[in-house]
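Enquirer:
Chains as they are written, first to last, in this note's numbering: chain U, -18 to 213; chain X, 11 to 748.
#1: Straight-line CA distance for residue 316 of chain X to residue 178 of chain X?
#2: Kindly indicate which three-state DSSP category residue 316 of chain X falls into: helix, strand or coil?
#3: In chain order, what residues of the same chain lie with their CB nearer than 6 Å to the CB of residue 390 of chain X, ignoring the 5 residues before and after it?
#4: On a CA-only basis, which of U:122, U:5, U:114 and U:118 is nearest residue 182 of chain U? Give me that one, please.
#5: Quick one: grab the DSSP three-state call for residue 738 of chain X.
#6: Listed from N- to C-terminal order along the chain, which residues in the region 443 to 455 of chain X have their beta-carbon within a distance smaller than 8 Å of any beta-carbon of chain U?
#7: Hey, would you say residue 259 of chain X sits closer than 7 Å to residue 348 of chain X, going by beta carbons?
#8: Ignore the nearest five residues each way along the sequence and tell me which others in residue 550 of chain X's own chain have a CB closer than 8 Å to its CB.
#9: Among residues of its own chain, excluding the 5 on either side of residue 432 of chain X, which ones have a beta-carbon nearer than 6 Å to its beta-carbon?
#10: Less than 8 Å between C-beta atoms, sequence neighbours within five positions excluded: which residues of the same chain meet that for residue 207 of chain U?
#11: Cα-Cα, which of X:739, X:724 and X:720 is closest to residue 730 of chain X?
#12: Mind checking which residues open and close the alpha helix (DSSP H) that includes residue 307 of chain X?
#13: Would you list, in chain order, the members of the region 47 to 65 of chain U that have their beta-carbon closer than 8 Å to a beta-carbon of chain X?
#14: Rounded to whole angstroms, what's the CA-CA distance from residue 333 of chain X to residue 436 of chain X? Just pull it up for me.
#15: So, helix, strand or coil for residue 435 of chain X, using DSSP?
#16: Which residues bound the beta strand (DSSP E) around residue 98 of chain X?
#17: Which whole-angstrom value is the C-beta distance of residue 263 of chain X and residue 144 of chain X, which I expect to be below 8 Å?
#18: Determine which residues share a DSSP beta bridge with residue 351 of chain X and list them.
#19: Let's see if you can read the secondary structure: which residues bound the alpha helix (DSSP H) around residue 58 of chain X?
#20: Under 9 Å between beta-carbons, which chain U residues line up against residue 569 of chain X? List them in chain order, please.
#21: Using a Cβ-Cβ cut-off of 7 Å (strictly less than) and excluding sequence neighbours within five positions of residue 497 of chain X, which residues of its own chain qualify?
#22: Can you have a look at residue 750 of chain X and say buried or exposed, based on whether 16 or more other CB atoms are within 10 angstroms of its CB?
#23: DSSP puts residue 200 of chain X in a beta bridge; with which residues?
#24: Drop a sphere of 10 angstroms on the beta-carbon of residue 38 of chain X, count the other beta-carbons inside from all chains shown, and report buried for 16 or more, exposed for fewer.
#25: In chain U, which residues lie with their C-beta within 8 Å of the C-beta of residue 742 of chain X?
#26: Could you give the C-beta distance for residue 620 of chain X and residue 487 of chain X, rounded to a whole number, given that I count them as a contact under 8 Å?
#27: Less than 8 Å between the CB atoms is what I'm expecting for residue 104 of chain X and residue 192 of chain X, so what's the real figure, rounded?
#28: Return helix, strand or coil for residue 596 of chain X, following the three-state DSSP convention.
#29: Residue 450 of chain X to residue 81 of chain U, Cα distance in whole Å?
#30: Going by the CB atoms, is the gap between residue 145 of chain U and residue 170 of chain U shorter than 7 Å?
#31: What's the gap between the Cα of residue 160 of chain U and the Cα of residue 118 of chain U?
#32: What residue from X:491, X:558 and X:581 has the CA that sits closest to residue 590 of chain X's CA?
#33: With a threshold of 7 Å between beta-carbons, can residue 738 of chain X be considered close to chain U, or not?
#34: According to DSSP, what are the bridge partners of residue 543 of chain X?
#35: Checking 7 Å against the spacing of the C-beta atoms, do residue 171 of chain X and residue -7 of chain U come in under that value?
#36: If you draw a straight line from the alpha carbon of residue 106 of chain U to that of residue 153 of chain X, how long is it in whole angstroms?
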């Protein structure tokens, strides 16, 4: 599997994703500079977390205008899997690959902690190694993770089974108390219509190494490597 | 201010914080009346903040050497050898005065400044820590300051993508008008890629990189060298404004350039900006520097040379680049969309010469500017000793059961959970945070290796004020103990000396006493000081803070896969063992602070027996490294029962405690704050006790892990869930009040 990680000014989880991909794939992804529109042929594109352009204007708004993002959109439309994590999710909504927006956390504070997620869709290259309804523990670290979309969009996401993860209790109940940021319908991650673009606020790359306290993020990277190695 | 001010009046000299005697010295060095820019440069270079004029005499006494020290105090940060060709570079620095005036920006730029100190030496920052002190919780400003400082620290570190992995926070009325914000950064570099600040090479380009220079922070160093009064709010314009995004770019650009061989010397522009960076580079290199100030990137029009030289705009660096490498260097900074300007050259005159509009506006001989900076051995009086409180006297009037006392203590402002704080810090980014905040020390893996660094910040100001010598010892010993309890070999410390007005003999007495105690502890524990910072004049209207020598300690864990033992109880039916002697010392204890009306903060602090610290700590570390204990925690504020409660909460396992029959009151045994103690758990306590006995280490089994309750029998119990609620709720509840 050949993967590219998009590096923008202010990206800061690029190395973390690189480490997680290397661990699962056995080889290093390409670290691709945002200003370079010539994106090589790859099987997977990751838009990592961080504070691209310092979150100035709106989180993800400026990076969404980067030369390479036009190419990422084109590839996504051709079916190449694109994974946006945290600030990457914000960039994917800003560039229109995913619907909705990520607003400031309801508590008005940055929040960094492990949360429980219920896996809601497993028929994707990203989530194939999870079981439907599985509860996984993955950290969040964001100031703007409060997913918002109008009711029609939310209904459509639900109707088309495009919610990939929801914040939940350790037992899997989707309650307001287990929603860290006020996200609509406890949405933590969503898919595009083609199911080849996933945006999520939690950081699966941060719990893919037992030494760091958990490995619930690892099946995402293992699953991608299996799926995309087979496809190639 | 402008360059044409005809004469320097005594008022102008006073406004610049210089005494008449100091100004006489300026006249002697210059051989003439200084121009305004020159006076400004003397003013900031000779400020307490930059010159350490009151503290230098004492700082020289601190031990700074060990075989693993690569670079001690004097550079931007201290450097130690951590094996495999790697170096750990770290320092702690205060941003107290600005944070009180403008908490978000003050704290944010404090974090930004200390990170620059570390990466200017070639290290990638891998962890941030902090030591925070606020006024009484009921003081009307405290909430606002806590909220702003925590958000500012998080705002800067989170954006940079450097994890903030821990710290400490206390409350005391003495900080009502002077909060303390001490920020520490730890970085890792290759030993053969460490950068220093000594300029060299006649004619070499001096390059300015980073943000443009504005009018912010002018005279920040001078402001930080004076007491506050009721008009301190007016000093808001002296606080700088941070831009962590630019600093992230500056970090990446500097590290990219450092991977080449282009840099001869590099220095960040911190306090006193372009002035102190150029003076330090030229003084250390024994050369002169000449600037054309018209080449300095500015963000405002018509800035005078005075303003350009004294601006404390953030996210800027100065470097000397090898001839022929300028274009390559420029290309890197342009890629990162940062300013890159050749603003001057290295000369052989030993003078700092500044030109503006073709005119020389400053021409100062650098060696006397530095070497003849004032240094004072200020008068001091030792702190009078406090009487040792007998346990029975200390406890007079306190009628409370141990579990009731425990529930209140773990919910007190100084002992409650700090989760509300550290959940606002990204403590996981970079993927090497092996132990998250909340334990004895944070543990951060050295990327790509099996080694790890343990990091802690410690100080107990209420001990320091009662007995500065014991308090100084205790601050160093507690840092050493926290690293030890994490299984690390303690290597070195950075110190952040926060005190009141040094012109008062009793304050200088506190300073001298703390230095004496720290020195003793550093020597006894092989734990030298490699970097540090002094913040004086932490006073408002004549009332000083508690003396607060904050210690940041770093230790090394050789194999993070094997040598790691957690704070929390790890298994049921393990024996709970107290290592070290318990005498039931209650003077200055948290128990008295919370429960005693008459003796809150009374008496002598617990004495620190450095031989016992060393013996007990080395014994405990051996147990951890050899896998002979299942959990370990040091005993500090709140004594044995608070330590056991923290272990129970962290592991989610209760305990059955049986205090030994010692004859001392139960509350003294449970809550006394005797030093040099640890709590460990083991499933083979007989072996452990035998090993302790043969090593001459006091050790006693005091209970067993298990269940979901902390109990001492006789109905004296509290459930872990009640304990957790008490521990977790105080800070969020406090901060939720609008």
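Cβ coordinates follow ideal geometry from the N, Cα and C atoms, glycine included.
Expert: The short version:
#1: As a working mapping, residue 316 of chain X is identified with position 306 in the second chain. As a working mapping, residue 178 of chain X is identified with position 168 in the second chain. Each residue's alpha carbon lies about 39 Å from the other.
#2: One-based indexing of the second chain puts residue 316 of chain X at position 306. Reduced to three states, the DSSP call for residue 316 of chain X is helix.
#3: Position 380 of the second chain, counted from the start, is the residue given in the question as residue 390 of chain X. Excluding sequence neighbours, residue 390 of chain X sits near 515, 518, 519 and 522.
#4: Position 201 of the first chain holds residue 182 of chain U. Checked all of U:122, U:5, U:114 and U:118; the closest Cα to residue 182 of chain U is U:122.
#5: Counting from 1 along the second chain, the entry for residue 738 of chain X is found at position 728. Here residue 738 of chain X sits in helix by DSSP.
#6: Of all residues in the region 443 to 455 of chain X, only 443, 444, 446 and 455 place a beta-carbon less than 8 Å from a beta-carbon of chain U.
#7: As a working mapping, residue 259 of chain X is identified with position 249 in the second chain. As a working mapping, residue 348 of chain X is identified with position 338 in the second chain. Yes, these two residues count as a Cβ contact at 7 Å.
#8: Residue 550 of chain X sits at position 540 when you count from the first residue of the second chain. Correct list, in chain order: 186, 187, 188, 237, 238, 239 and 242.
#9: Within the second chain, the letter at position 422 stands for residue 432 of chain X. So the list reads 447, once near-sequence residues are dropped.
#10: Position 226 of the first chain, counted from the first residue, corresponds to residue 207 of chain U. Contacts found: 109 and 110.
#11: The count along the second chain starts at 1 and reaches residue 730 of chain X at position 720. Nearest of X:739, X:724 and X:720 to residue 730 of chain X, Cα basis: X:720.
#12: Stepping through the second chain from its first residue, residue 307 of chain X is reached at position 297. According to the DSSP assignment, residue 307 of chain X belongs to no alpha helix (DSSP H), since it is labelled neither H nor E.
#13: Contact residues of the region 47 to 65 of chain U toward chain X are absent (C-beta to C-beta distance below 8 Å).
#14: Counted from its first residue, the second chain places residue 333 of chain X at position 323. Counted from its first residue, the second chain places residue 436 of chain X at position 426. Using only the alpha carbons, I get a separation of about 41 Å.
#15: Position 425 of the second chain, counted from the start, is the residue given in the question as residue 435 of chain X. Coil.
#16: Locating residue 98 of chain X in the second chain gives position 88, counting from the first residue. For residue 98 of chain X, the enclosing beta strand (DSSP E) has its first and last residue at 96 to 104.
#17: Here residue 263 of chain X corresponds to residue number 253 of the second chain, with the count starting at 1. Here residue 144 of chain X corresponds to residue number 134 of the second chain, with the count starting at 1. Their Cβ separation, rounded to whole angstroms, is 36 Å, which puts residue 263 of chain X and residue 144 of chain X out of contact at 8 Å.
#18: Here residue 351 of chain X corresponds to residue number 341 of the second chain, with the count starting at 1. Answer is X:218, bridged to residue 351 of chain X.
#19: Numbered from its first residue, the second chain carries residue 58 of chain X at position 48. Where residue 58 of chain X is concerned, the enclosing alpha helix (DSSP H) starts and stops at 58 to 61.
#20: Taking the second chain and counting its residues from 1, the one referred to as residue 569 of chain X is at position 559. Simply none; closest approach about 11 Å.
#21: Against the second chain, residue 497 of chain X aligns to sequence position 487. Answer for residue 497 of chain X: 567, 573, 574, 575, 631, 634 and 635, listed in chain order.
#22: Outside the shown range of chain X (11 to 748) lies residue 750 of chain X, about which nothing can therefore be said.
#23: What you label residue 200 of chain X is simply residue 190 of the second chain in a count that begins at 1. The bridge partners DSSP lists for residue 200 of chain X are X:96.
#24: Counted from its first residue, the second chain places residue 38 of chain X at position 28. By the 16-neighbour rule on beta-carbons within 10 angstroms, residue 38 of chain X is exposed.
#25: Residue numbering aside, residue 742 of chain X sits at position 732 when the second chain is read from its first letter. Among the residues of chain U, none has a CB under 8 Å from the CB of residue 742 of chain X; the nearest is roughly 10 Å distant.
#26: Here residue 620 of chain X refers to the residue found at position 610 when the second chain is read from its first residue. Here residue 487 of chain X refers to the residue found at position 477 when the second chain is read from its first residue. Yes, they are in contact, since the Cβ atoms of residue 620 of chain X and residue 487 of chain X sit about 7 Å apart, within 8 Å.
#27: Against the second chain, residue 104 of chain X aligns to sequence position 94. Against the second chain, residue 192 of chain X aligns to sequence position 182. Correct: roughly 5 Å between the Cβ atoms.
#28: Residue 596 of chain X sits at position 586 when you count from the first residue of the second chain. Under the three-state reduction of DSSP, residue 596 of chain X is assigned to coil, being neither helix nor strand.
#29: Taking the first residue of the second chain as 1, we reach residue 450 of chain X at position 440. Taking the first residue of the first chain as 1, we reach residue 81 of chain U at position 100. Taking C-alpha positions only, residue 450 of chain X is separated from residue 81 of chain U by approximately 42 Å.
#30: Here residue 170 of chain U refers to the residue found at position 189 of the first chain. Here residue 145 of chain U refers to the residue found at position 164 of the first chain. In contact: residue 170 of chain U and residue 145 of chain U (Cβ atoms closer than 7 Å).
#31: On the first chain, position 179 is the one that residue 160 of chain U refers to. On the first chain, position 137 is the one that residue 118 of chain U refers to. For residue 160 of chain U and residue 118 of chain U, the distance between alpha carbons rounds to 14 Å.
#32: The residue labelled residue 590 of chain X in the question sits at position 580 within the second chain. If we check each option's Cα against that of residue 590 of chain X, X:491 comes out closest.
#33: Looking up residue 738 of chain X in the second chain gives position 728. No, because no Cβ of chain U sits closer than 7 Å to the Cβ of residue 738 of chain X.
#34: Taking the second chain and counting its residues from 1, one reaches residue 543 of chain X at position 533. Residue 543 of chain X is bridged to X:506.
#35: Translated into the one-based positions of the second chain, residue 171 of chain X becomes position 161. Translated into the one-based positions of the first chain, residue -7 of chain U becomes position 12. Yes.
#36: Residue numbering aside, residue 106 of chain U sits at position 125 when the first chain is read from its first letter. Residue numbering aside, residue 153 of chain X sits at position 143 when the second chain is read from its first letter. So the two alpha carbons sit approximately 47 Å from each other.
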